[in-house]
Amino acid sequence: MIIENKKNNTMHQFNGKVAIFDLDDTLQPTSHLYEDAKLKAKDKLIEIFGEKINHVGILPLIEEIDIEHVSNLGFRRTRFPMSVIEAYMILCQKVKKSPEIQEMRELYELSDCIYDIVEPLYKNAYKTIQAVKNMGFKVYILTAGDDVVQSYKIYKNGLYNIINQKNIIVTPHKTNDVYQRLFGKYGFNNCVMIGNSIRSDINPALEVGMYAIHIPCETVWSYDEVELNENEKFFQINRVEDLPEVLTNIFK
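If you read the sequence shown in the working numbering, its first letter stands for residue 883, the second for the next number, and so on.
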């Protein structure tokens, strides 16, 4: 089977292997945007409530609420801003203050604006994807999040130029069922997931029988702090540019 990239008129012989990339904190930095937004939300809440609240408890409260919301809201754009608003409402109740529309609006906006920021890809990420394609791999991006937000980031970073649009998949959650449904047709021994999240990228891939390559991120969201279900198909690298060598060793 021949894979053609119409953008740059290059042809690649499909080798039967599939490489699936995560997006956020694997190909481009993202988690620091949330950390910055949490700090801004904390500052705003301190401005609103002053000494009536425990300042140290603000960030843990936002984090706890946000993680709880993942189960029902997934990675939708509204989840994080609504978590900040809920923290505000809890604090209002605690100090017996009436919620104010303007304060909620300001908190929502400073929490939501992170979704309009498009960070550039990590150094060598684009070249590495191209190198993996040149090795004959069918390349996918599998990312959890809001479809419009994720698609815009992918577009702005030029990834539609080197990855077929139908192979770029945005999903509310990355579960075992998602991996089985999307990639079972290739045979899991022929598939490898590359990502930073143990919970969303690595464990589900390993559990369905795929290979998984972990690229750790400096900032780890507490949601992702789960036990690794490690087996012989687990690999770890520190830089995305090390990927082609590892893939060669896996599928030699």
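Heads up, the beta-carbon is just placed ideally off N, CA and C, and yes, glycines get one too.
What's the C-alpha gap between THR1130 and MET986?
CA-CA distance, THR1130 to MET986, rounds to 52 Å.
(request) Could you have a look at THR960 and say whether DSSP puts it in helix, strand or coil? (result) Three-state DSSP puts THR960 in coil, outside helix and strand.
Query raised in the report: Terminal residues of the continuous beta strand (DSSP E) containing GLN1143?
Result: In the structure displayed, the chain extends from 883 to 1134; residue 1143 sits before or after that span and is not available.
Q) From PHE1117 to VAL1052, what distance separates their C-alpha atoms? A) 24 Å
Alpha carbon to alpha carbon, how far is GLY1066 from ASP1028? Give it in angstroms, no decimals. Between ASP1028 and GLY1066, the alpha-carbon positions lie close to 24 Å from each other.
Can you tell which of GLY1018, ASN1071 and PRO1054 has its C-alpha closest to the C-alpha of ILE1045? Residue GLY1018 holds the alpha-carbon nearest to the alpha-carbon of ILE1045 among GLY1018, ASN1071 and PRO1054.
- Pair every Cβ in the stretch 934–948 with every Cβ in the stretch 1121–1128, then say whether three or more of these pairs are closer than 8 Å. No contact exists between the stretch 934–948 and the stretch 1121–1128.
key: Three-state secondary structure assigned by DSSP to TYR916   = helix
(message) By the three-class DSSP mapping on this structure, what secondary structure does GLU1004 have?
(response) A quick correction: the sequence has Tyr, not Glu, at residue 1004. Here TYR1004 sits in coil by DSSP.
Legend entry - Best match in ASN897, ALA901 and GLN895 for proximity to LEU1064 [C-alpha to C-alpha]: Residue ALA901 is the option with its Cα nearest to LEU1064.
Query raised in the report: Are three or more beta carbon pairs between the stretch 1005–1024 and the stretch 945–959 nearer than 8 Å?
Result: Touching, no.
task = Would you mind working out which of ASP948, VAL1108, THR1101 and LEU909 sits nearest GLN1032, comparing C-alpha positions?
result = LEU909
_Buried or exposed, going by whether 16 or more other CB atoms sit within 10 Å of the CB of HIS1096?_
buried
Terminal residues of the continuous beta strand (DSSP E) containing THR1053? Its beta strand (DSSP E) spans residues 1050–1053.
(request) Assign GLY1077 to one of three DSSP states: helix, strand, or coil. (result) Of the three classes helix, strand and coil, the one that applies to GLY1077 here is strand, per DSSP.
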